[in-house]
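Chemist: In our numbering, the protein residues as written are -17 to 214.
Below is one structure. I have some questions about it.
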C-alpha cells in the first residue's frame, strides 16, 4: 500500500472513530449490534490487489534501475558493473520491506487522537438522548394515569432530542474533516520519510560506497602517475 493510500486509510480511520464517538447512542448501539453479528468484522491489514502489488514492484525495480544507470554513467565498465550490482543487491527484498513499513508506519497503533471538543459533543448527545427518554416516560406516565395530561412539554422534549441528536452528529462530522485530513497527511508524510530512509539505506548508500571507492582508487592512481611522471 503506497503512502497516499496509507494517508487516506488513516483519514478514514479518524473519521470513523469520530462518527462512533459523536453519533447518537441509538446509532452507536445499532453499529455495535452489527459488529457483533458479523464475526469476520475487525481490524484487518489492508493489502492491495495482486495487480496493484505487481505494478508497485515494477515501479520499485524501475526506480532502482534508473538510479544505478545514472550513478554508473561515464564510469569504466568494471566500476559501472559494480555500481549496478550494488543497487541490485540492495533492491532485493525492498518491495517487501516497503510493504512492512506501510503497515507499521502508515497507521499508528491504537485509536486516533481525539480533539478537545469531542467530550462536549458526547455530553450533548447524551443530553439529547436523556430528553427523548424523559419525554417518552412522561408520555407513558400520562397514558397509564400516573401524571396529569399535558402533551405539549413531553412532545417538545422528544422532538428536541430526536432532532438535536442527528444535528449534533452532522456538525461533528463537518468539524472532523479538517483534523482527519491533517491526520491522514501526517501518516502519509511519516510513511514517505520511512520509505525514503529504507531506500537510502538499502540502495543509495551501497551505490554511494562504490562511487566513493572508485574516486579513492582514481585519486590514488593519479598520485602514482604524477609521482612517476615527476621522477622521469
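A virtual CB, placed ideally from N, CA and C, is assigned to each residue, including glycine.
Model, not experiment: these values are computed from the prediction.
Note down the Cα distance separating residue 136 from residue 14, rounded to an integer number of angstroms.
Modeler: 29 Å
Chemist: My understanding is that residue 169 touches residue -3, with C-beta atoms under 8 Å, so please give their C-beta distance in whole angstroms.
Modeler: Contact between residue 169 and residue -3 is ruled out by a C-beta separation of about 13 Å, above the 8 Å threshold.
Chemist: In this structure, does DSSP put residue 68 in helix, strand or coil?
Modeler: helix
Chemist: Considering only the beta carbon of each residue, do residue 103 and residue 3 sit closer than 9 Å?
Modeler: yes
Chemist: By Cβ distance below 7 Å, which residues in the same chain neighbour residue 54 in space, the five residues on each side in sequence not counted?
Modeler: Cβ-Cβ distances below 7 Å link residue 54 to 62, 65, 66 in the same chain, with the five nearest sequence neighbours on each side left out; the list follows chain order.
Chemist: Using three-state DSSP, classify residue -1 as helix, strand or coil.
Modeler: helix
Chemist: Closest to residue 117 by CA distance: which of 132, 106, 127, 107 is it?
Modeler: 132
Chemist: Does the distance from the C-beta atom of residue 122 to that of residue 142 stay below 9 Å?
Modeler: no
Chemist: Can you list, in chain order, the residues of its chain with a C-beta nearer than 8 Å to that of residue 130? Leave out the 5 residues immediately preceding and following it.
Modeler: 124
Chemist: If you reduce the DSSP assignment to three classes, tell me which class residue 171 lands in.
Modeler: helix
Chemist: Our contact map puts residue 166 next to residue -7 with C-beta atoms below 8 Å; I'd like the distance itself, whole angstroms only.
Modeler: 3 Å
Chemist: Thinking C-alpha only, which one of 149, 152, 58, 108 is nearest residue 196?
Modeler: 58
Chemist: Quick one: what does DSSP say residue -7 is sitting in, helix, strand or coil?
Modeler: Here residue -7 sits in helix by DSSP.
Chemist: Let me check understanding here. Comparing Cα to Cα, which of 109, 183, 1 lies closest to residue 80?
Modeler: 183
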